[in-house]
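Structure record follows, encoded as structure tokens.
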Amino acid sequence: MKWAAVLLLSAIVGGTLPREQTGAPKAATISSTERLKVQVLRSYPHDRAAFTQGLLIDGGKVFESTGLVGQSTLREVELQTGRVIRKVDVPRPIFAEGLAVV
Numbered sequence: 000m001k002w003a004a005v006l007l008l009s010a011i012v013g014g015t016l017p018r019e020q021t022g023a024p025k026a027a028t029i030s031s032t033e034r035l036k037v038q039v040l041r042s043y044p045h046d047r048a049a050f051t052q053g054l055l056i057d058g059g060k061v062f063e064s065t066g067l068v069g070q071s072t073l074r075e076v077e078l079q080t081g082r083v084i085r086k087v088d089v090p091r092p093i094f095a096e097g098l099a100v101v
């Protein structure tokens, strides 16, 4: 019975001791990075005072969450004109940082 206790204690203590490091992990090497080019196909008007945090297009409707502490809003926006169709002010201390359809 004593040998079982010694074996169990050895396993517990051995499992908690720090393991020897075999060297620093190797960083991935990148031989080349592809440079992408952007081509703007279209631009739309937008409220320049709105600090966009989230943008969502669902069923042809554009929704936007804007955020600055105390100035956050949720909006439905007309894409072609930038006109705000509906707007809900988000009360403090909530900060409208993103947007999702659930």
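Residue numbering for the sequence shown follows numbering that gives the first Met the number 0, beginning at 0 and increasing consecutively. Positions of the beta carbon are idealized from the N, C-alpha and C atoms, including for glycine. Keep in mind that this is a model prediction, so the values were computed, not measured.
Open item on the list: Quick check: the Cα distance between V39 and T80, rounded to an integer number of angstroms?
Closed with: Their backbone Cα atoms lie some 18 Å apart in a straight line.
- [ ] Determine the direct distance from the alpha carbon of E75 to that of G60, and round the result to whole angstroms.
- [x] A small fix is needed here, since residue 60 is Lys in this sequence, not Gly. Distance between the alpha carbons of K60 and E75 is about 7 Å.
TODO: Please name the residue in V83, L78, K25, L55 whose C-alpha comes closest to that of S42.
DONE: Taking only the C-alpha atoms, the option nearest S42 is L78.
Task: Backbone CA spacing between E63 and S31 [nearest angstrom] - done: Taking the straight line joining both Cα atoms gives about 37 Å.
Task: N-terminal and C-terminal residue of the beta strand (DSSP E) that E63 is part of - done: Note, E63: beta strand (DSSP E), 60-65.
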